[in-house]
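First comes the structure, then the notes that go with it.
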Amino acid sequence: MSRFEDLLREALRREEPPAGFAGRVMVRMGAAPEKMSRWQAVRRAFEAPRLRWAGAVGLCVLLVGVGLQVHRERETRAEGELAKERLVLALQIAGSKLGLAQAKVLEMSGGRSQ
Amino acid sequence: MRHAICLLLVCSPAFGQALQWPAGLDKLAAKATERVDIALDSTLLQVASRFLSAEKPDEAAVKNLVSGLKGVYVKVFKFDKEGEYSEADLEPVRSQVRGPGWSKIVGVVTRRGGDNTEVYVKLEGDRFAGVAIIAAEPKELTVVLIDGSIDLEQLRMLGGHFGIPKIEVDRKKALKTEPK
Amino acid sequence: MSEPAVAQAEVDRGGFADLVREHQAMVFSIAYHFLHDRTLAEEVAQDVFLQLHRALPALKSAEHVTFWLRRTTSHRSIDYARRRRVRQVSLEEAPELSTAPDPGDPMLARRLRRLVASLPEKPRLVVTLRYQEGLEPDEIARVLAMPVRTVKSHLQRSLAILRDKASRYLRMESYEPL
Numbered sequence: 010m011s012r013f014e015d016l017l018r019e020a021l022r023r024e025e026p027p028a029g030f031a032g033r034v035m036v037r038m039g040a041a042p043e044k045m046s047r048w049q050a051v052r053r054a055f056e057a058p059r060l061r062w063a064g065a066v067g068l069c070v071l072l073v074g075v076g077l078q079v080h081r082e083r084e085t086r087a088e089g090e091l092a093k094e095r096l097v098l099a100l101q102i103a104g105s106k107l108g109l110a111q112a113k114v115l116e117m118s119g120g121r122s123q
Numbered sequence: 017m018r019h020a021i022c023l024l025l026v027c028s029p030a031f032g033q034a035l036q037w038p039a040g041l042d043k044l045a046a047k048a049t050e051r052v053d054i055a056l057d058s059t060l061l062q063v064a065s066r067f068l069s070a071e072k073p074d075e076a077a078v079k080n081l082v083s084g085l086k087g088v089y090v091k092v093f094k095f096d097k098e099g100e101y102s103e104a105d106l107e108p109v110r111s112q113v114r115g116p117g118w119s120k121i122v123g124v125v126t127r128r129g130g131d132n133t134e135v136y137v138k139l140e141g142d143r144f145a146g147v148a149i150i151a152a153e154p155k156e157l158t159v160v161l162i163d164g165s166i167d168l169e170q171l172r173m174l175g176g177h178f179g180i181p182k183i184e185v186d187r188k189k190a191l192k193t194e195p196k
Numbered sequence: 017m018s019e020p021a022v023a024q025a026e027v028d029r030g031g032f033a034d035l036v037r038e039h040q041a042m043v044f045s046i047a048y049h050f051l052h053d054r055t056l057a058e059e060v061a062q063d064v065f066l067q068l069h070r071a072l073p074a075l076k077s078a079e080h081v082t083f084w085l086r087r088t089t090s091h092r093s094i095d096y097a098r099r100r101r102v103r104q105v106s107l108e109e110a111p112e113l114s115t116a117p118d119p120g121d122p123m124l125a126r127r128l129r130r131l132v133a134s135l136p137e138k139p140r141l142v143v144t145l146r147y148q149e150g151l152e153p154d155e156i157a158r159v160l161a162m163p164v165r166t167v168k169s170h171l172q173r174s175l176a177i178l179r180d181k182a183s184r185y186l187r188m189e190s191y192e193p194l
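Residue numbers (this note's numbering), protein chains in the order written: chain R, 10 to 123; chain C, 17 to 196; chain F, 17 to 194.
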């Protein structure tokens, strides 16, 4: 394979998702069956019209609250992942330049590499 | 041939003796066709560190390295043509990292390629309390400043992690070590 | 739910969690290399695994699961990008990188990923499946449900575009002919 394809393969190698990914999937999976049975219970309890309206409003407030919380958590995670990515890049650049300087010095002093 | 000049300064007042970016740096940024500008103070380093996994070897190495750091600042400028910098632009920066507490430990000049790499360290007792790396190439300028307790060997090893190939020097280049 | 059914459910969940961990890098990476956004890639990956849980009874083997995941992730990524109007990195924006690189340049891989992200949808997936997953053109054709000759054509043209963009960055004398 050509060198360029090797570089592409390196650039496109698999990466792990953010830590805790499997746990988050399992949490979402675990929520689904519970919601089904809870929903059935809620429907029965709110058959009275007055309760139905109050329940609808309460549900909306709850959904908005949960949605905001999920949104905030996603934003926090996105910010953290971005900071991590920038840190890794910064240290890679620093390590790369340091390594280059060291390699040149080693080559100068006799050609022995580590 | 004029070399691209590397400037290495931190504008964070928390960094030791308050190194300042020279005024000419913004001018250089305006000429660059491509830039990297990373500034991570202690707060951002803590945030980033929380997202580094201790279970993944590569990330654990970074997490360990970062634990003693107060700031990481990197600027990279790439230019379309040579000569976008002069030695005069570089001197205000170099003079600061030659100040009290700083020592130049590496100075390598590649005559044919026009590359010039300098490494400065700040010593506090017997440990490194900061690193400055200035890598000047004809069309690229890299400036790195790391504030805090740092292990240089660990940092260098990161150059071989995260899928980045380890550095191999082109043996066809003529090398000359700049006298200290 | 009866006790044996609960126990079975717990075993199933444990087994499925292992399945997620086994394939998460593959699924996440296909989505990430397509969408070029880690947060969105995780959303797609989570959705794919939830869908896998529902589809699992119909899948016959480990190879079938892998095939199903690659195909579903590819299609979900396209759907996601279109629904969310995820902005594709334009070829003009993907940097020309006019200076010669350090062979150990840590930004090289990032640049190549951006170049790949600037390709149109189907060629982007073809390139990802080829170089991330190491699939042959006929395997890619099955995953994406397209003719083999179309896959080969996408590969050929995409490589030419990527080489052209990247060649101004890569120092020719340091590398074998691209």
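Ideal Cβ placement from N, Cα and C applies to all residues, glycine included.
Fair warning: this is a prediction, and the values are worked out from it, not measured in the lab.
With respect to the C-alpha of Lys-86 (chain C), the residue from R:Gly-39, R:Leu-96, R:Arg-33, R:Ser-105 having the closest C-alpha is R:Leu-96. Residues of chain R with a Cβ closer than 7 Å to the Cβ of Ser-69 (chain C) are, in chain order, Ala-28. For Phe-50 (chain F), the closest Cβ of chain R is not nearer than 8 Å. Here Thr-59 (chain C) carries a helix assignment [DSSP, helix/strand/coil]. Annotation: the continuous beta strand (DSSP E) that includes Leu-161 (chain C) extends over 156-164.
Under the three-state reduction of DSSP output, Ala-145 (chain C) falls in the strand class. Take the alpha-carbon of Arg-81 (chain R) and the one of Val-52 (chain C): they are about 28 Å apart.
Inclusion of Pro-27 (chain R) and Arg-86 (chain R) in the CB contact set at 8 Å is warranted, their separation being smaller than that value.
Under the three-state reduction of DSSP output, Ser-119 (chain C) falls in the strand class.
Rounded to whole angstroms, the gap between the alpha carbons of Val-34 (chain R) and Val-63 (chain C) is 24 Å.
Neighbours of Leu-128 (chain F) across chain R, judged by C-beta separation under 7 Å: Leu-16, Leu-17, Ala-20. In this structure, the beta-carbon distance from Leu-106 (chain C) to Phe-144 (chain C) does not fall below 8 Å. For Asp-131 (chain C), there is no enclosing alpha helix (DSSP H); the enclosing beta strand (DSSP E) covers residues 131-140. At a cut-off of 8 Å, the C-beta of Ala-64 (chain C) has a neighbouring C-beta in chain R.
Contact between Ala-152 (chain C) and Val-160 (chain C) is ruled out by a C-beta separation of about 12 Å, above the 8 Å threshold. A check of alpha carbon separations from Glu-98 (chain C) across C:Glu-75, C:Gly-130, C:Pro-73, C:Val-113 identifies C:Gly-130 as the nearest. Taking Phe-95 (chain C) as reference, the option from C:Lys-155, C:Met-173, C:Phe-67, C:Leu-171 with the minimal CA-CA separation is C:Lys-155. 8 Å or more divides the Cβ of Leu-128 (chain F) from the Cβ of Leu-100 (chain R). Counted as a single uninterrupted DSSP element, the stretch harbouring Leu-21 (chain R) is not any alpha helix (DSSP H), since DSSP gives it neither H nor E.
Note on geometry: alpha-carbon atoms of Arg-37 (chain F) and Gln-112 (chain C) lie some 50 Å from one another. For Arg-37 (chain R), the nearest CB of chain F lies under 8 Å from its own CB, placing it at the interface with that chain. In this structure Gly-164 (chain C) is buried. Its beta-carbon is surrounded by 16 or more other beta-carbon atoms within 10 angstroms. The region 41-51 of chain F and the region 141-149 of chain F touch, with no fewer than 3 CB-CB distances between them shorter than 8 Å. Sequence-ordered contacts of the region 68-85 of chain F with chain R read His-69 [C-beta pairs closer than 8 Å]. With fewer than 16 neighbouring CB atoms inside 10 Å of its own CB, Met-117 (chain R) falls in the exposed class.
Judged by DSSP in its simplified three-state form, Gly-74 (chain R) adopts helix.
For Phe-93 (chain C), the enclosing beta strand (DSSP E) stretches over residues 85-94.
Note on Glu-75 (chain C): 16 or more other CB atoms within 10 angstroms of its CB, so buried under the neighbour-count rule.
Beta-carbon to beta-carbon, Val-88 (chain C) and Leu-61 (chain C) are separated by about 7 Å, close enough to satisfy the 8 Å threshold. For Gly-141 (chain C), the closest C-alpha among the options C:Gly-117, C:Gly-123, C:Val-135, C:Val-125 is that of C:Gly-117. Below the 7 Å Cβ cutoff, chain R contributes Pro-26, Pro-27, Phe-30 as neighbours of Glu-58 (chain F), in chain order.
Here Leu-68 (chain C) has Glu-75, Val-78, Lys-79 as same chain residues with Cβ atoms under 6 Å from its own Cβ, once five neighbours each way along the sequence are excluded. Between Phe-83 (chain F) and Val-82 (chain C), the alpha-carbon positions lie close to 40 Å from each other.
Each of F:Pro-139, F:Lys-138, F:Glu-137, F:Met-42 was checked against the Cα of Gln-62 (chain F), and the nearest Cα belongs to F:Met-42. Here the alpha carbon of Ser-45 (chain F) sits roughly 12 Å from the alpha carbon of Glu-59 (chain F). For Ile-121 (chain C), same chain residues with a beta-carbon under 8 Å away, outside a window of 5 residues either side, are Val-135, Tyr-136, Val-137 in chain order.
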